[in-house]
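Enquirer: The numbering of the sequence shown is our numbering, which starts it at 125 and goes up by one.
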Amino acid sequence: MSDNKTPYIPVGISACLLGQKVRFDGGHKRSNYCLNILSECFDFKPFCPEVAAGLGTPRQPIRLVGDASSPRALGTRDPELDATDGLAEHADFVSEHHPELCGYILMKGSPSCGMERVKVYHPNGMPNEAGSGIFAARLMANNPALPVEEEGRLNDAVLRENFITRVFVYHAWKQQVANEPSMHGLIQFHSRHKYQVMAHSYEGYRELGRYLAQEAPSVSLQEAMDHYILTLMNVLQKKANRKSHTNVLLHIMGYMKKELDSDTKQDLLTAIEEYRTNKVHLVVPLTLLKHYLKRHGNDYIMSQAYLNPYPHELGLRNYI
125 MSDNKTPYIP
135 VGISACLLGQ
145 KVRFDGGHKR
155 SNYCLNILSE
165 CFDFKPFCPE
175 VAAGLGTPRQ
185 PIRLVGDASS
195 PRALGTRDPE
205 LDATDGLAEH
215 ADFVSEHHPE
225 LCGYILMKGS
235 PSCGMERVKV
245 YHPNGMPNEA
255 GSGIFAARLM
265 ANNPALPVEE
275 EGRLNDAVLR
285 ENFITRVFVY
295 HAWKQQVANE
305 PSMHGLIQFH
315 SRHKYQVMAH
325 SYEGYRELGR
335 YLAQEAPSVS
345 LQEAMDHYIL
355 TLMNVLQKKA
365 NRKSHTNVLL
375 HIMGYMKKEL
385 DSDTKQDLLT
395 AIEEYRTNKV
405 HLVVPLTLLK
415 HYLKRHGNDY
425 IMSQAYLNPY
435 PHELGLRNYI
């Protein structure tokens, strides 16, 4: 997969997931998927906020205590140990000094790095409602458009494909729009990603189109870009499903309706229906569709990011 066409996208990651022995017990949580598969297209930037906050290795564990919406990170043996400010400050440091990041993979359940469902306790030691790790919460607040996911959730094929799609879209945004801002570039970017957006939310697809046509021309370029990318990344967080993918496949097929003979149309419709009814994975109708698009597709449809959202060697559409 590592060829001249494959981008190496900068992605932040909890250092323990790369096998670095930075956990409280001196161990690690090495992720073979991140190291052996995603490292072929992601340039991982490892961070350990607990070490950065001055906690040693090995060290006294910390846990979240207090209000679940704004807990403190306190030592489990010595509650006088309060790492909250150090963890939040490291998130500020990463946000300020690493604007190149196009995604972030966090360690599940961590009081510093957990994205959600992290255990929070009352001061008396009784369980409270779940919350987010201190570093993770500040990182996401500082970078609301940044694709963020927990390593454990990458075991789910749909969540895995969703996260990687968002990382590649965000990287494309930085390269094609943010680096050389222009309304023309913004509109071209949207044009290339229309069907990708539609696969996640038809209403989101309509909302973004309306915004560019009706509201964006009346605000500053920077305001239009900020609104667009945040809305886009929020829309892409919605999981695409078989119904929405089927809708997109039929829309794309429609661009060839005058060129295809009846037998070919039926073959395509059969493949799409087998996907819709859970008999095959997305790769089956999509491969057939792309085969005929090479012969009959126009420049507009061939430019759609939906057709090749990431390197096919990742095999993500073989499982959804």
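No residue lacks a Cβ here, since even glycine has one placed at the ideal position from N, Cα and C. Bear in mind that the values here come from a model prediction, so they are computed numbers and not experimental data.
For the region 288-307 and the region 270-280, state whether three or more C-beta atom pairs, one from each stretch, are separated by less than 8 Å.
Expert: The region 288-307 vs the region 270-280: in contact.
Enquirer: When the distance is taken between beta carbons, is Leu-406 closer than 9 Å to Ile-376?
Expert: For Ile-376 and Leu-406, no; Cβs fall outside 9 Å.
Enquirer: Report yes or no: do the region 274-289 and the region 230-247 share at least 3 C-beta pairs separated by less than 8 Å?
Expert: Verdict: yes, contact present.
Enquirer: Let me check one thing: in DSSP terms, what residues is Tyr-228 bridge-paired to?
Expert: Answer is Gly-136, Val-272, bridged to Tyr-228.
Enquirer: Determine the contact status of His-117 and Ala-265, defining contact as a CB-CB distance below 9 Å.
Expert: Lying outside 125 to 444, the shown extent of the chain, residue 117 is not represented and no answer is given.
Enquirer: DSSP three-state call for Lys-169: helix, strand or coil?
Expert: Lys-169 falls in the strand class under three-state DSSP.
Enquirer: Could you name each continuous beta strand (DSSP E) segment of 3 residues or more that falls completely within the region 191-223, going from the start of the chain to the end?
Expert: Here the runs fully enclosed are 196-199.
Enquirer: In chain order, what residues of the same chain have a beta carbon less than 7 Å from the beta carbon of Glu-383, not counting five sequence neighbours either side?
Expert: So the list reads His-420, once near-sequence residues are dropped.
Enquirer: Out of Ala-323, Ile-288, Arg-330, Glu-347, which one is the CA nearest neighbour of Met-307?
Expert: Looking at the Cα atoms, Glu-347 is the closest of the given residues.
Enquirer: Mark Arg-196 as exposed unless 16 or more other C-beta atoms lie within 10 angstroms of its C-beta, in which case mark it buried.
Expert: Label assigned to Arg-196: buried.
Enquirer: Quick check on Tyr-245: does DSSP put it in helix, strand or coil?
Expert: Three-state result, Tyr-245: strand.
Enquirer: Spell out a yes or no on whether the region 179-188 and the region 156-163 are touching, meaning 3 or more CB-CB pairs, one atom from each, closer than 8 Å.
Expert: Because the criterion of three Cβ pairs below 8 Å is not met, the region 179-188 and the region 156-163 do not touch.
Enquirer: Pair every Cβ in the region 419-439 with every Cβ in the region 162-172, then say whether three or more of these pairs are closer than 8 Å.
Expert: Short answer: they touch.
Enquirer: Which residue comes first and which comes last in the alpha helix (DSSP H) that contains Leu-142?
Expert: Looking at the DSSP string, Leu-142 is not in any alpha helix (DSSP H), and its letter there is neither H nor E.
Enquirer: Quick check on Gly-233: does DSSP put it in helix, strand or coil?
Expert: DSSP places Gly-233 in coil when its eight states are reduced to three.
Enquirer: The beta strand (DSSP E) with Glu-189 in it runs from where to where?
Expert: Reading the sequence as shown, one finds Val at residue 189 and not Glu. Where Val-189 is concerned, the enclosing beta strand (DSSP E) stretches over 186-189.
Enquirer: Quick one: residues in its chain with C-beta nearer than 8 Å to the C-beta of Gln-320, no 5 flanking neighbours on either side, listed in chain order?
Expert: The residues are Thr-289, Val-293, Leu-360, Gln-428, Ala-429, Tyr-430, Pro-433.
Enquirer: On the three-pair Cβ rule with 8 Å, is the region 192-206 touching the region 130-139?
Expert: At 8 Å Cβ cutoff, the stretches do not touch.
Enquirer: Can you round the beta-carbon distance between His-175 and Val-146 to whole angstroms, since I take them to be within the 8 Å contact cut?
Expert: The sequence shown places Val at residue 175, rather than the His named in the question. Sure, about 5 Å apart at Cβ, within 8 Å.
Enquirer: Let me check understanding here. Comparing Cα to Cα, which of Ala-323, Leu-336, Met-322, Lys-403 lies closest to Gln-312?
Expert: Nearest of Ala-323, Leu-336, Met-322, Lys-403 to Gln-312, Cα basis: Leu-336.
Enquirer: Which residue from Leu-373, Phe-287, Lys-318 puts its Cα closest to that of Glu-398?
Expert: It is Leu-373 whose Cα lies nearest to the Cα of Glu-398.
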